[in-house]
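Each residue of the sequence shown is one higher than the one before, counting from 0 in numbering that gives the first Met the number 0.
Backbone N, C-alpha and C fix where the C-beta goes; we use that ideal spot for every residue, glycine too.
It should be emphasised that the depicted structure is a prediction, and the values quoted were computed from it without experimental measurement.
Working notes, structure below.
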Amino acid sequence: MTHLSVVPPPSNRWSDVAAMRNFPILAETRNRVRKKMQSHQVNFDDLATVVERDPALCLNLMVAAVSQNPGCREQISGAANCLSLLGMQELVRLIKHLPVIESNSDSRQHQLYRRALHCADMAAEMAAHWARLRGNISPDYARWNTLMVCAPLWQWLLSEDLAQNWLYCLSEGQDILAAINTCFGGNQLKNWQRQVKQLGLPPAAVDCFRKEAGLTTKQWKLLRRYDPRDFDNQRELLHRLQQPELIPIIATGLSWNWHIAPESNNARRWLVLASHWLGKPQAQVAADLRIIQLNVSRQQNDALSTGLALLASPVATRQSYPKVIPAVVEKPATDDTPEEAINIGKPTTEVVQITRKPDQAYLNKLLTQLQQQPDSFGDWHYLMRGVLRGICQGLGMSSACIALLNKDKTALKVFYAENLPEQHPLRKVAIDLRQPNIFNKLLEKPASLSLTPENRDKFLRHLPGSTQDILPSHWVTMSIDAGHKPIGLVLAFNDSGQQVVEHSEYVAFKNLCLTASKSLAELRSHTAQQRRS
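So this is what it looks like as C-alpha cells:
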C-alpha cells in the first residue's frame with residue numbers, strides 16, 4: 000500500500016460543504032437540451048438521453064422532483080421519470096437558471112469538477128451495460144444510481160482546495176477508499192452519511208455509504224482471485240453479489256482508476272473484479288468497456304477524464320495531480336517578539352547543475368509512433384500532449400508547453416502544458432503579435448531558438464517588460480506546423496528556467512518538434528480524406 004501524508008480539510012468544513020445546493024451543470028448541456036427541444040416531436044425519453052450525460056443536471060432534477068412530490072424518490076429510476084413528474088417547463092427553468100461551467104474555465108476547481116462529472120458518466124454507462132448482462136436490476140436504475148453516487152465528492156471539489164488531495168492520492172497509487180481515508184480522515188463515515196442524506200441520493204447510491212456496504216475484505220480478496228461460481232461453498236458470497244449497490248461501487252472504482260492510469264495495477268484489479276462478478280471472460284469485459292470509454296470520450300469531447308488519452312502514450316502512463324498544501328498564516332510580530340534578521344546574500348550568476356533522467360526508450364517509442372502511426376493518436380490534441388510528455392519524460396526536461404495562434408493570428412497563448420503549475424504566469428499570458436517581435440519571426444517559417452541570459456536582451460527587446468519578466472532565463476522554443484505555415488510554438492525549460500539547456504537537449508528537442516510537425520501534417524491529411532469519403 001502507498002502511504003501518503005496530506006492535511007485533511009478542517010472539521011468545520013463538513014457542514015459548510017454539505018449545505019451546498021444548485022450544482023453547476025456543464026455549459027454544453029444547455030445547448031444540447033435547447034437543440035433537442037427544437038424538435039416538435041421530442042418526448043421525455045428523447046430528452047432523458049441528453050440529460051443523463053450531465054450527472055449534475057440529473058441531481059438537480061431529482062431534488063426538484065422530490066421536493067414537489069415527497070416520497071417519490073424510490074420510484075425514480077431515470078431522468079424520464081423526473082421529467083414526467085416535473086414537466087418540460089421545469090427543465091427549461093433549471094437549464095436557464097442553474098450556474099454553468101465552461102470547458103475552457105481557468106478555475107482548477109471547475110476543471111476537476113468537470114472531470115468528476117465525466118467520470119460519473121462513464122461509470123454510469125458501464126453500470127447500465129452490466130445491468131443488461133446480469134438482469135437482476137434495470138439498466139436505467141443502475142445508470143441513475145451510479146450517476147450520482149459521487150455527488151458528495153463534487154461538493155468537496157467545488158468548495159475546498161484540500162479536497163483535491165484525493166486526486167493526488169489516486170495519482171500516487173492509492174485506491175479509491177484508501178485515498179478517501181487519507182484525504183478526509185479515516186473516521187468520517189457519519190459525516191459522509193449525513194452529507195448523503197442531505198443530498199437525497201437514490202436508494203442504491205445511499206446504500207454505498209452503509210458501513211456494511213459491498214463485500215467484506217475477505218470476500219473482495221476471494222473475488223479478486225476466483226469466480227465464486229466455480230465453487231460449491233460460496234453461497235453467501237454469491238448472494239452478496241446480487242446487492243444493487245455493488246454496481247455503482249465497481250463501476251465507479253473502475254472509472255476513476257481508468258481516469259488516473261488505465262493500465263495500472265489498480266485498474267487491472269477492478270477489471271478482474273468486474274469479470275469475476277459478472278461471470279464473464281476478462282477479455283470480453285475489457286473489450287465491451289473500451290467501446291464505452293471511446294463513446295463517452297466522443298460524446299463529452301474529453302478523452303482525458305475517461306483515460307483514453309493516456310492510452311495514446313507508447314508506454315503505460317498516469318494522470319498526475321499535485322499535492323495541495325494549506326496556506327500558512329503567519330503569526331504577527333509583537334513588541335516582545337524580535338524580528339528575525341534578513342540575510343541578504345551576495346548575488347550570484349552561477350548555474351546550479353541538477354541531474355535529470357531522460358528516458359531514451361520512451362522517446363524512441365514516441366518518435367516511432369509519430370513517424371509510423373500518427374493516426375494512433377486519434378486527433379491532434381492528443382498528439383500535442385504526447386509531444387509534451389516526450390519532452391518531459393523522454394528528454395528529461397522539467398517543463399514544456401505549446402502556445403497556439405488565435406483565430407485572428409494576433410496573439411499567442413498557451414493551450415497545452417506538461418509539468419507547468421496552474422499558477423504559472425505563462426499559462427495566463429497572451430503574447431501580442433500585432434507589433435514586430437521575436438515571436439513573429441519564429442512564426443513566419445519553421446524556426447527554433449535557444450534563449451539564455453546572454454542573448455535575451457537582443458531577442459526580447461521588442462517585447463513589453465511584463466512579458467519579458469514572465470519568460471524564463473533559459474528556454475528553448477521551436478515552431479510547429481501541420482504542413483503549411485506554423486500554427487504555434489513549443490517551449491521547454493529546466494528547473495523553472497534557471498538551469499541551462501544543454502546543446503544535446505536542444506538538438507533532441509528540435510528533432511522531436513520537427514517529427515511532430517510531420518506527424519501533424521500526415522494526421523491532418525488523413526482526417527481530410529476520411530471526411531471527403
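My output table needs one value for Y415: the three-state DSSP class, helix, strand or coil.
DSSP places Y415 in strand when its eight states are reduced to three.
With burial defined as no fewer than 16 other Cβ atoms inside 10 Å of the residue's Cβ, what is the status of Q467: buried or exposed?
If you draw a 10 Å sphere on the C-beta of Q467, you find fewer than 16 other C-beta atoms in it, and that means exposed.
Kindly list the residues whose CB is nearer than 6 angstroms to the CB of A123, restricted to its own chain and excluding five residues on each side of it in sequence; keep chain order.
R142, T145 and L146.
Reducing DSSP to helix, strand and coil, say where G487 ends up.
The answer is strand: DSSP assigns G487 an E or B state.
Expressed to the nearest angstrom, what Euclidean distance is found between the alpha-carbon atoms of Q422 and L166?
If you take the alpha carbons of Q422 and L166, they lie about 18 angstroms apart.
For L522, is the classification buried or exposed, using 16 other Cβ atoms within 10 angstroms of its Cβ as the cut-off for buried?
Classification of L522: buried, given that the 10 Å Cβ count is 16 or more.
Under three-state DSSP, which class holds E521?
Helix.
For I324, I'd like the list of residues in its chain whose CB is within less than 8 angstroms of its CB, leaving aside the five on either flank, ordered along the chain.
Within the same chain, I324 has close Cβ partners V6.
Just checking, does the segment 181–201 make contact with the segment 156–166 on the three C-beta pairs under 8 angstroms criterion?
Touching, yes, given that three or more Cβ pairs across the two stretches are closer than 8 angstroms.
Give a yes or no on contact between the segment 97–116 and the segment 193–211, applying the rule of three or more CB pairs nearer than 8 angstroms.
Taking 8 angstroms as the limit for Cβ pairs, the verdict is that the segment 193–211 does not touch the segment 97–116.
Is S449 helix, strand or coil by DSSP?
Strand, per DSSP.
By a C-beta neighbour count over all protein chains shown, 10 Å radius and 16 as the cutoff for buried, is L519 buried or exposed?
By the neighbour-count rule (16 or more Cβ atoms within 10 Å), L519 is buried.
Under the rule that 16 or more other beta-carbon atoms within 10 Å means buried, what is R228, buried or exposed?
Counting of Cβ neighbours within 10 angstroms places R228 among the exposed residues, the total staying below 16.
Considering just the uninterrupted stretch of the beta strand (DSSP E) at T476, what are its terminal residues?
Taken as a continuous stretch (DSSP letters only), the beta strand (DSSP E) holding T476 covers W474 to D480.
Counting only the same chain and skipping the five closest in sequence on each side, list residues whose C-beta sits under 8 angstroms from that of G278.
So the qualifying residues of the chain are D226 and R228.
Please classify N436: does DSSP put it in a helix, a strand, or coil?
Three-state DSSP puts N436 in coil, outside helix and strand.
State the DSSP-derived secondary structure class of I136, mapped to helix, strand or coil.
If DSSP states are grouped into helix, strand and coil, I136 belongs with coil.
Closest by C-alpha distance to A286, when choosing among N300, V271, V62 and Q299:
When only C-alpha atoms are compared, the closest one is V271.
Does the distance from the CB of V499 to the CB of H473 come in under 8 angstroms?
Yes, the Cβ-Cβ distance between V499 and H473 is below 8 angstroms.
Near H461, what residues of its chain come up, given a Cβ to Cβ distance below 8 angstroms and the 5 sequence neighbours on each side ignored?
Counting only Cβ-Cβ distances below 8 angstroms, and skipping sequence neighbours, we find Q434, P435, N436 and I437.
Residues near W155 by beta carbon distance below 7 angstroms, same chain, minus five either side
Cβ within range, chain order: V16 and A162.
In chain order, which continuous runs of the alpha helix (DSSP H) of length 4 or greater are located wholly inside the segment 354–379?
Within the segment 354–379, the complete alpha helix (DSSP H) runs of at least 4 residues are 359–371.
What is the residue span of the beta strand (DSSP E) that D431 lies within?
Run containing D431: A429 to D431, per the beta strand (DSSP E) assignment.
Taking the alpha-carbon positions, what's the P485 to L157 distance?
The alpha-carbon atoms of P485 and L157 are separated by roughly 38 angstroms.
Would you check if the segment 34–41 and the segment 358–375 touch, i.e. whether three or more CB-CB distances between them fall below 8 angstroms?
The segment 358–375, when compared against the segment 34–41, does not touch it at the 8 angstroms Cβ threshold.
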